[in-house]
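Presented below is the structure to which this report refers.
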Amino acid sequence: MMEKHKLANLIILLLNLGALLTSLACPECPHPTPPPNCPPPKFPPKPPYVPKPPVVKPPPYVPKPPYVPVPKPPYVPKPPVVKPPTPYYPKPPVISPPILPPVYPSPPIVKPPPEEKPCPPPPPSFPYPPPPAKQTCPIDTLKLGACVDVLGGLVHIGIGTSAKDTCCPVLQGLLDLDAAICLCTTIKAKLLNINILLPIALQVLIDCGKTPPAGFQCPA
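Just so you know, the sequence shown maps onto residues -25 to -1, 1 to 195 in mature numbering (1 follows the signal peptide of the UniProt record, and there is no 0).
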């Protein structure tokens, strides 16, 4: 191990000696002189390139064509207008009606009027009273179906705002009696108890501003 270190130290020493000998062989080496710091030559700037305008030559001379007159068409006279001959129609002879003597009408024969016998008086007639008109609802009862359903749900609760909001808009344009009849018709169509729902329906009519007749009963 020590021998390797000695060999390395010897090689380094020999290299140092070689460098020393070269420096002693040339004590003064000439240094290169730097180039003179001369400014670059100044050239005047070139003017911008302006292209020359193109040379426009005049158009070649073209002689005018000779004048050639246009010949006029020959004159053609118009043909004469020949009208068709008017046919001759002879006048019909005038025939006068024959003269007849005046005719006088004969006087009418007046017959004596026949004797008129008086007619027996008709038996007295007793007018029968007209049958009472059947009371019907003037609107479609299907429109009142929702109203009657609400009335059926108020049997054990009492009348509230929901019944008025549902029934009053449908009954708005009806008369008082027609509104009551429409409610009766709809209750019967739904096979509900008319005796229980009729007082509730009449109270809803009053709340909607309708006045049903006193003692109103649904028609049979």
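The beta carbon of each residue, even a glycine, is placed where N, CA and C say it ideally should be.
query                                                                                                                                                                              : result
Using the Cβ count rule (16 or more neighbours within 10 Å means buried), how would you classify I156?                                                                             : buried
Would you mind reading off the limits of the alpha helix (DSSP H) that contains G120?                                                                                              : G120 to G127
Roughly how many angstroms separate the alpha carbons of P191 and D151, rounded to a whole number?                                                                                 : Per the sequence presented here, residue 191 reads as Phe, with Pro not at that position. Near 11 Å, if we compare the C-alpha coordinates of D151 and F191.
Count the other CB atoms within 10 Å of the CB of L(-13); is the residue buried (16 or more) or exposed (fewer)?                                                                   : exposed
Answer yes or no: do V123 and I181 have a C-beta to C-beta separation smaller than 9 Å?                                                                                            : no
What is the rounded straight-line gap between the Cα of C159 and the Cα of C193?                                                                                                   : 6 Å
Rounding to the nearest angstrom, what Cα-Cα distance links V125 and A164 in this structure?                                                                                       : 15 Å
Starting from K163 and walking both ways along the alpha helix (DSSP H), at which residues does that stretch end?                                                                  : D151 to A164
For the putative contact between D153 and P187, defined by C-beta atoms under 8 Å, what is the C-beta separation to the nearest angstrom?                                          : Not really, about 10 Å apart at Cβ, beyond 8 Å.
By how many angstroms is the C-alpha of Y24 removed from the C-alpha of P34?                                                                                                       : 30 Å
Anyone know if the C-beta pair for G184 and C143 falls short of 9 Å?                                                                                                               : yes
Is it right to say A121 is buried, meaning 16 or more other beta carbons lie within 10 angstroms of its own, or is it exposed?                                                     : exposed
For P174, which three-state DSSP category applies?                                                                                                                                 : helix
Helix, strand or coil for V179 per DSSP?                                                                                                                                           : helix
Could you name the residues of the same chain whose beta carbon sits closer than 6 Å to that of L177, not counting the 5 residues immediately before and after it, in chain order? : P187
Identify whether L(-19) lies in helix, strand or coil by the three-state DSSP scheme.                                                                                              : helix
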